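Okay, so here's the structure we're looking at.
Protein chains: 2
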Amino acid sequence: MGFDFGLFCVFLAACAAAAATGSMFMPGRWYDDLAKPTWNPPNWVFPVVWSILYLLIAASASRVAGAPGSAYAMAFWGLQIALNTLWTPVFFGLQRIKAGMLIIVLLWLAVAGCLVATFRVEPFAGLLLVPYLIWVSIAASLNWSVWRLNPEEANKPRPAEG
Amino acid sequence: MGFDFGLFCVFLAACAAAAATGSMFMPGRWYDDLAKPTWNPPNWVFPVVWSILYLLIAASASRVAGAPGSAYAMAFWGLQIALNTLWTPVFFGLQRIKAGMLIIVLLWLAVAGCLVATFRVEPFAGLLLVPYLIWVSIAASLNWSVWRLNPEEANKPRPAEG
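Protein sequences appear in the order of chains A and B.
All residue numbers for the first sequence refer to the working numbering, where the first residue is 1 and numbers rise by one.
All residue numbers for the second sequence refer to the working numbering, where the first residue is 1001 and numbers rise by one.
Written out as structure tokens, the structure is:
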């Protein structure tokens, strides 16, 4: 399993679609005013970490795509990139803290599934996803803390949809 | 290449994440008030068509995932599901008609790439994506028409982000 640069670029384009949510649905005033845990990382950390993670996520997939036994690795890869794209508009766009928590728990499970399935095809490619799983764990803890520290905001009634 | 139901379910879960945007970012009053082309389908058509398409998209991927030569099919599958998840929050959530147009053009290219790459692995699985490409063509035409019929809305100044 060598390195196919064209293939890497297509996977990276999928990551770019997920990353685009970060520039279009910004935290803004609403998020700034919420109570955060003491260990909340400074804002500049997030785009830096995600840029590195997206490179690793694309590199991991491009090493195992098409390899024998890679079916579940690819299915979980598709699931994690869809959930990754979904979280930001729901959390920062709709300001729905509890729906964001549900999505990030599902994302954690998808990344864990992707890591295990990828590791079985090529251990190195699976290990490339370890930082991603760690970071989603941190992000999920942060989503959880924001929920618990801002119960009124998390439970505020939603306007009727549509 | 038989049918692996578990694999189908993981791909379908990715489609469900994309579909979730449709229930969380509804067209609403803003979209109702925009001018539409005469051929605009009635509202009930969209969830019906998308439900069928998502089943086909998941079925197509589950037939070729892990097969020899499926690397690009899987990469484009990941790209299309991320772009599919992105369009609804940008168009209906942010009400950004031109950004939506850019995303749906990229989505069309990703679906076309996925169809061709999948067809090369298994022609039947590629053909399962033909209705998807046709529908994205229609949706892109609708996005374009809404832009041209509502130039003031498409060009309205954006509030500063963040």
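Beta carbons: idealized from backbone N, C-alpha and C, even for Gly.
Note that the coordinates shown come from a computational prediction; the quantities given were computed from them, not determined experimentally.
A/Val90 reaches chain B at Met1024, counting residues in chain order whose Cβ is nearer than 7 Å. Ranked by how close their Cα comes to the Cα of A/Pro151, the residues A/Ala67, A/Lys36 and A/Val111 have A/Lys36 in first place. Of all alpha-carbon atoms in B/Ala1075, B/Leu1056 and B/Leu1094, the one lying nearest the alpha-carbon of B/Trp1135 is that of B/Leu1056. In the three-state reduction of the DSSP assignment, A/Ser60 falls in the helix class, which pools H, G and I.
Cβ-Cβ distances below 7 Å link B/Ile1103 to Leu1083, Leu1086, Trp1087 and Val1090 in the same chain, with the five nearest sequence neighbours on each side left out; the list follows chain order. Against chain B, the beta carbon of A/Leu7 has neighbours under 7 Å at Ala1071, Tyr1072 and Ala1075, listed in chain order. Neighbours of A/Ile81 across chain B, judged by C-beta separation under 7 Å: Gly1078, Ile1081 and Ala1082. The criterion of a C-beta distance shorter than 7 Å is not satisfied by B/Ala1073 and B/Thr1038. Going by C-alpha positions, B/Pro1027 is about 40 Å away from B/Gly1069. Interface with chain B (7 Å Cβ-Cβ cutoff): A/Gly100 is excluded.
In this structure, B/Ala1058 and A/Ala65 do not form a Cβ contact; the two beta carbons are roughly 18 Å apart against a cut-off of 8 Å. Note that the C-beta distance between A/Gly78 and B/Ile1081 is below 7 Å. In this structure B/Leu1133 touches B/Val1111 by the C-beta definition: roughly 5 Å separates them, less than 8 Å. Of all residues in the stretch 93-124 of chain A, only Gly93 and Leu94 come within less than 7 Å of chain B when Cβ atoms are compared, listed by chain position. Residue environment analysis places B/Leu1128 among the buried positions, since at least 16 neighbouring C-beta atoms fall within 10 angstroms of its C-beta.
Residues of the stretch 1057-1070 of chain B that bring their beta carbon within less than 8 Å of a beta carbon in chain A comprise Ala1061, Ser1062, Ala1065, Gly1066, Ala1067, Pro1068, Gly1069 and Ser1070, in sequence order. Taking 4 residues as the shortest admissible run, the stretch 18-77 of chain A contains the following complete alpha helix (DSSP H) segments, listed from N- to C-terminal end: 28-32 and 45-64.
By the beta-carbon neighbour count (other beta carbons within 10 angstroms, threshold 16), B/Arg1158 is exposed. Taking the Cβ atoms as the reference, B/Asn1040 lies roughly 6 Å from B/Leu1142, within the contact range of under 8 Å.
The beta carbon of A/Leu12 does not come within 7 Å of any beta carbon belonging to chain B, so the residue lies off that interface. For A/Asp4, the chain B residues whose Cβ falls inside 8 Å of its Cβ are Ala1071, in order along the chain. In this structure, B/Ala1125 keeps its C-beta atom at 7 Å or more from the C-beta atom of B/Arg1029.
In this structure, the straight-line span from the alpha carbon of A/Ser23 to that of A/Ala67 is close to 34 Å. With its beta carbon at least 7 Å from every one in chain A, B/Leu1129 lies outside the interface. For B/Asp1033, the closest alpha carbon among the candidates B/Leu1107, B/Phe1092, B/Trp1108 and B/Pro1123 is that of B/Phe1092. Inter-residue distance for B/Tyr1031 and B/Arg1096 is about 11 Å (C-alpha atoms, whole angstroms). A/Thr38 does not reach chain B, its nearest Cβ partner there being about 24 Å away, counting only Cβ pairs nearer than 7 Å. At least one CB atom of chain B sits nearer than 7 Å to the CB of A/Ala18. Here B/Phe1011 is buried. Its C-beta has 16 or more other C-beta atoms within 10 Å. Between A/Ala61 and B/Asp1004 a beta carbon distance of about 19 Å is seen, past the 8 Å cut, so the two are scored as non-contacting.
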